[in-house]
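*Asks:* Offset between the sequence shown (1-based) and the working numbering: plus 91.
Structure incoming, see below.
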Amino acid sequence: QLYVEMLYTIANSVGAPAPGGQYAHYKEDLYLYGQRAFGVPPDRHYRMLHLAGEEKPPIVVLSVVVMEAEGLEAKDANGFSDPYCMLGIQPVPAPSSPQPLASNRTLSETCNDGQGNHEKLRKHHSFKLSFKRKEGRIREQRDSIGGALPAKFIRATSVKSHTLNPRWNEKFRFDIDDPSSDSLHLDIWDHDDESSVLEAVSKLNEVRGVRGLGRFFKQVCQSARQSSQDDFLGCVTIPLSDIPSTGLEGWFKLEARSQRSSVQGRIRLKMWLSTREDRGISEEDNWTEVRQHESLYAIFVDYELRNWTEESWTWSGDLPGPALTILHQQAVQGDLNELQKALARFVAAAKVYLQHPLDPRWMLQLLTDLEHAWISTSLSREEEIWLAEYFTSILERWLLQIRHHRQLFPALHPPSLSRLEYLLRCLAYISNMKAFWKCCPFNKEIRGEIVAALRKGTPDWFSGLRSATMTLDEYDSSFVDFCSEIYTSLQHSLSYYHPLFEGTNGIPYFSVVFKQLDKLLADEVVAFLNQNEHPDAAYSRLIFAVYLEIKDIASFSQNLPSGGDHKLNLVRCHEWFEPSVSCWLSICKNKALQRVRSAIDLQKPCDSEKLVKHSSSAVDVVVMFCQLRDFWRLLQWPKATSVPLLSQLLDCICSAALLYSDITYQTLMETGYFDRPGPFRVSDEMCIASNNLEYVHKFTSLLENYFDFITLESIAPESQCLTLTNLLDATLKQLQIKVFDILKKIGPQMQEPLRKAMFHLAWSPDTLPTAQAVEPLFDYLHNHFLALNISLLPQNFQRVLFEVWECALKELNNQIDGGGNAEEMSAMFHDRLHSALELMVEFFHADSLGLPLETLHSDTFYHVEQRLQYHTTSTEPLIELFYGYRLQEQLSTTSGPYGVLDVRAYFNHDSLCVEVLHARDIIPLDPNGFSDPFVIIELLPHRVFPHCNEQQTNVHKRTLHPIFDECFEFSVSLEQCRSPSAMIAFTVMDHDVLTANDFAGEAFLSLGSIPGVADTGTGVDNFHGLKPVELVLMQQQNKSHPILQTLESRVGDRTAIDFVKKQKLRFATK
């Protein structure tokens, strides 16, 4: 029956060819395509074609939508018009004689847009015109009619008041006798009195002598205008043969009825042709045609898929021209609107999709067409139920595909990913379609349906992968492969699937999938770990491999949305593996120590011109340490709980490093290196041993950074972090001690050559320049340094330089005093040594290639330099400098065992007043346990105060807390007191009658700090209100003070000898 309907549709095509040649195919081509699509044999095809030809031809129907007009002429006094339209079918008169009237053809009713004006006019059905048709296909004669003429073909729009740009949007349908010759005629009138229209309609049947529709309109209007003022606004006539099968829509210029008519403006019309069966009744319902359109479309799609040589989903959905033409004619003749066509084609495609995978791009386009057509039209209840049924079916199909998307749409197959993307786009589009929610108001939210499909599909996929990957025979060994497949799938999920789901539907795909896999895989891992209670070495390695896979999988949790408690299991996977890792580390320590011994037993010197001297054992040991370090990095153990395991690992490395250093040191000792007295020579054993140890020391010192101690200290318990730090520091210290022990032998072995070179430097004639005198020293050092620099690591070479530097300074210091031959020293003796010291600094610094200046300026260097400066300084400045040191010592001393002295000093009117108030806790110097103290006051230095003699207080018997309360005045100037080195020296003595007085302590007070000197005033008026100064009493502690040693060496200088003798009496006795 559908095939006959298709043939009937082709045979009775309507409409002119579409613009651009669209749908312009020969009927023979259409018949041939239809025959092939339906698979009808030729003989049956011709029989059915004959049957279709015997069917009565359908009635052609013209649908007209009067949309709007603009620019009409103003006929009323207010500058507007009240326009309405009269339209009907205008036949062309035939030359034959008039024929009797036959039965009239009933036309479908007017479809208005709900306008409120002139309701009586829109409901009046007598304003129509019908023409007679002779039997067969002979054109009817329309001419002067003797009887009454019913108005069956004339229709009228509503009246739009007070406008020159009316909008009607009213639809009319007319049955057509002859589409090839009939025309649509439309008049626009200005309505002035509604009664005139009604009267014209009532008198319409009395009109006589009508010839042609245009003249008939004129008669009607003339009749109406007998009692009204309706004015003509224009007309248009459109031949029906000009209307293509795709319809015609546009603006048409209004024409005048005669030369006397004043017409302007244009009108917009929309027209299309359709058909209906000649049953004598109106056929507004085209539900049958919609179903036929769907079936026809489905057959054509199925035919194209049968002939498609590739996968069905690669077909784009484009039908050939004949198929489109047949479908177009069927839609035109069935008067299908755009929504009905979109509905039928979507349903047809959905039916095919349920059987074959189709291109989702095509389905998305069909959905788009359906939604766009939905905006301006609506469906019947039957059509909505039909559409809802296939909405539901296609949704179930798509959600099933989402459930199995990993298998159907492989991540590494771009065409499949493209299909998945457009499938998701289809789902996203449906979720926002008004048509979908109108037809399926109780459907669940599609985004939630997609999430539910993913949650159902993930366990299915997991179980399938587990069955395919792991077997009972090789369960243990295949578990790593299973975890690896999970990891790969998560990578694909994050890189490929997640952007698609999130970008199209806003679904956090990775979060949904990962949380499920986290639970499933956690259960699987726990079961795997619990199956073997006594693991062997091979199983331990397998567990380690499984841990690495699980750790990598757990790291994907970083890609989950921030915030919220995800309650993951795999992030705690380290808790499951901690016993295994701890056991592995225990085994690792024993293996590491064994490997150290093997490395030393098998070591060989590494010879290369570009490498320092070392052996293969150091390389092997450091490589082993790197492997252990990389092992820890692979573990990625949470820092908060990593300290116990890290302690095991660090203990393994440190134990191996100490074992290596001990064996290396012992091996060098067995060569007799440490027993060699000298002279020094560069030995390969020393260089290799020191470089090997330094190489290991260097790597071990970096462990603090490798293991990120700083972060551990901020999150781990302090006691645990302290254990790590102490262990590492102790190891580094032992390694460094071993290296220093080896290298510090170089200095003593060079001692004799250095002593000879320094003696030659010190006792060379004054005529020999210092630069030449020091050349033997530099030549000796240069030769050995050159060989050491080639053989040693930079750090070791720096250590050697420092050791030799210190030895050289000590030998130079030994020459400063002239070896006890002060009388034989020349005047330039110490100047030469000072110049030599500067040259030595340049030599060891070597333009920044040697020791840094801050290293060269060591304590020994400053001691030597200071002694040389003292020897070049005269006695008085040296004594003054000595008192300056004592004053600095006074300022830094806050307490002491020798008691305290309270004084008050101020400058007042050209005199210095010094009050000695009291003392306490004087040390007992007499056998009775007391002292007889008194205080000597002296202004220093004598260079500044040459005329000021020392003064002293009275003696206080048998007391340790004397109260002196005595004032002394010194006649000095303010300038003298403001001298930088000016001070007061207080010496507390114990008075003895028969023997010399005993020294009890001394104190110093800077004159620059006392009132009257420190401020800008000239004196102190209220000196009784001044606060006393408390001075801690001191004794000389440094018996080898360099200034005293220098002065003591000046045997011919009486001042120096007396000063040294005086100071020796003040040395502390305990």
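All residues carry an ideal CB built from backbone N, CA and C; glycine is no exception.
When we look at the beta-carbon of Arg923 and count the other beta-carbons within 10 Å, is it buried (16 or more) or exposed?
*Replies:* Under this definition Arg923 is a buried residue.
*Asks:* Taking contact to mean at least 3 C-beta pairs separated by less than 8 Å, is the region 824 to 840 in contact with the region 750 to 757?
*Replies:* A contact exists between the region 824 to 840 and the region 750 to 757.
*Asks:* With burial defined as no fewer than 16 other Cβ atoms inside 10 Å of the residue's Cβ, what is the status of Asp273: buried or exposed?
*Replies:* Buried, by the Cβ-count rule.
*Asks:* Compare the beta carbon distance of His384 and Leu418 with 8 Å and say whether it is the shorter of the two.
*Replies:* Yes. Within cutoff.
*Asks:* For the alpha helix (DSSP H) holding Ser746, just list the boundary residues, first then last.
*Replies:* Counting along the chain, the alpha helix (DSSP H) containing Ser746 begins and ends at Val734 to Glu761.
*Asks:* Taking only three categories from DSSP, how would you classify Arg497?
*Replies:* It is helical.
*Asks:* Counting C-beta neighbours from all protein chains within 10 Å, is the total for Trp728 16 or more, i.e. buried, or is it exposed?
*Replies:* With 16 or more other Cβ atoms within 10 Å, it is buried.
*Asks:* Please confirm whether Leu515 and Phe592 have their CB atoms less than 8 Å apart.
*Replies:* Yes, the pair counts as a contact, with Cβ atoms nearer than the cut-off.
*Asks:* Using the beta-carbon count (16 or more within 10 Å), is Gly170 buried or exposed?
*Replies:* Classification for Gly170: exposed.
*Asks:* For Val734 and Asp742, what's the separation of their Cα atoms in angstroms?
*Replies:* Those two C-alpha atoms are separated by around 12 Å.
*Asks:* Sort out for me which residues DSSP pairs Pro330 with in a bridge.
*Replies:* Looking at the DSSP assignment, Pro330 forms a beta bridge with Ser274.
*Asks:* Hey, out of Ser706, Pro652, Gly838 and Glu576, whose CA is closest to Arg767's CA?
*Replies:* Nearest C-alpha to Arg767: Gly838.
*Asks:* Alpha carbons only, please: which of Val1104, Leu1096 and Leu1135 is nearest the one belonging to Val1123?
*Replies:* Here the closest residue by C-alpha is Leu1096.
*Asks:* Roughly how many angstroms separate the alpha carbons of Val687 and His705, rounded to a whole number?
*Replies:* The alpha-carbon atoms of Val687 and His705 are separated by roughly 16 Å.
*Asks:* Along the chain, where does the alpha helix (DSSP H) containing Glu776 start, and where does it finish?
*Replies:* Residues Asp775 to Ser792.
*Asks:* Which residue wins for smallest C-alpha separation from His79, given the options Ser926, Ser252, Gly179 and Pro1024?
*Replies:* The structure shown does not extend to residue 79, since the chain is modelled only from 92 through 1161, so no value can be given for it.
*Asks:* Please specify which runs of the alpha helix (DSSP H), each continuous and at least 4 residues long, are wholly inside the region 1011 to 1095, giving them in chain order.
*Replies:* You should have 1065 to 1068.
*Asks:* Could you round the C-beta distance between Leu969 and Ile1148 to whole angstroms and report it? I think they count as a contact, below 8 Å.
*Replies:* The Cβ separation is near 13 Å, so there is no contact.
*Asks:* At the level of alpha carbons, what is the spacing between Asp283 and Tyr175?
*Replies:* When rounded, the distance between both Cα atoms is 11 Å.
*Asks:* Would you say the beta carbon of Phe553 comes nearer than 7 Å to a heavy atom of the ligand GTP?
*Replies:* With respect to the ligand GTP, the structure shown offers nothing to examine, as it has no ligands at all.
*Asks:* Report back the beta-carbon spacing between Thr791 and Ile744 to the nearest angstrom; my notes put them in contact at under 8 Å.
*Replies:* Right, their Cβ atoms sit about 7 Å apart.
*Asks:* In chain order, what residues of the same chain have a beta carbon less than 8 Å from the beta carbon of Ser353, not counting five sequence neighbours either side?
*Replies:* Glu164 and Ala347.
*Asks:* Taking C-beta to C-beta, are Pro413 and Asp173 nearer than 8 Å?
*Replies:* No; because the gap between Cβ atoms is not below 8 Å, this pair is not in contact.
*Asks:* Whose CA, out of Asn1019, Val1007, Thr1137 and Gly1116, lies closest to the CA of Ile1075?
*Replies:* Among Asn1019, Val1007, Thr1137 and Gly1116, the Cα nearest to that of Ile1075 belongs to Val1007.
*Asks:* In three-state terms, what does DSSP make of Glu40?
*Replies:* An answer regarding residue 40 cannot be provided, because it is not within the stretch 92 to 1161 covered by the chain.
*Asks:* Kindly indicate the opening and closing residues of the beta strand (DSSP E) around Cys517.
*Replies:* Cys517 -> not in any beta strand (DSSP E); alpha helix (DSSP H) instead, spanning Pro505 to Ser522.
*Asks:* What's the gap between the Cα of Gly371 and the Cα of Arg246?
*Replies:* Low local confidence applies: a pLDDT of 47 at Gly371 is under 50, so the model's placement there is unreliable, with the coordinate-based value given in what follows. Each residue's alpha carbon lies about 20 Å from the other.
*Asks:* May I ask you to list the residues that DSSP assigns as paired with Cys664?
*Replies:* DSSP, once it has assigned bridges, lists no residue as partnering Cys664.
*Asks:* In the structure shown, what three-state DSSP assignment does Gln206 receive?
*Replies:* Confidence at Gln206 is low in this model, with a pLDDT of 38, below 50, so its placement is unreliable and the value that follows should be read with caution. Looking at Gln206 - three-state DSSP - the assignment turns out to be coil, as it is neither helix nor strand.
*Asks:* Out of curiosity, what's the CA-to-CA distance linking Val865 and Leu750?
*Replies:* Going by the C-alpha atoms only, they are around 45 Å apart.
*Asks:* If we call anything under 8 Å between Cβ atoms a contact, is Val443 one with Ala389?
*Replies:* Against a cut-off of 8 Å, the Cβ pair of Ala389 and Val443 comes out as a contact.
*Asks:* Quick one: give me the first and last residue of the beta strand (DSSP E) that Trp552 is part of.
*Replies:* It is not in any beta strand (DSSP E) - Trp552 instead sits in the alpha helix (DSSP H) that spans Ile537 to Thr560.
*Asks:* Output needed for Asp322: all residues of its chain with C-beta closer than 6 Å, excluding positions within five of it in sequence on either side, in chain order.
*Replies:* Excluding residues within five positions, the ones whose Cβ falls inside 6 Å are Lys166 and Asp281.
*Asks:* Can you tell which of Phe668, Ser646, Gly1099 and Cys898 has its C-alpha closest to the C-alpha of Tyr630?
*Replies:* Of the candidates Phe668, Ser646, Gly1099 and Cys898, the one whose C-alpha sits nearest the C-alpha of Tyr630 is Phe668.
*Asks:* Under 8 Å: do the region 1031 to 1046 and the region 1011 to 1019 share three or more Cβ pairs, one atom per stretch?
*Replies:* Segments in contact, no.
*Asks:* Between which two residues does the alpha helix (DSSP H) containing Tyr114 stretch?
*Replies:* Where Tyr114 is concerned, there is no enclosing alpha helix (DSSP H), given that its DSSP letter is neither H nor E.
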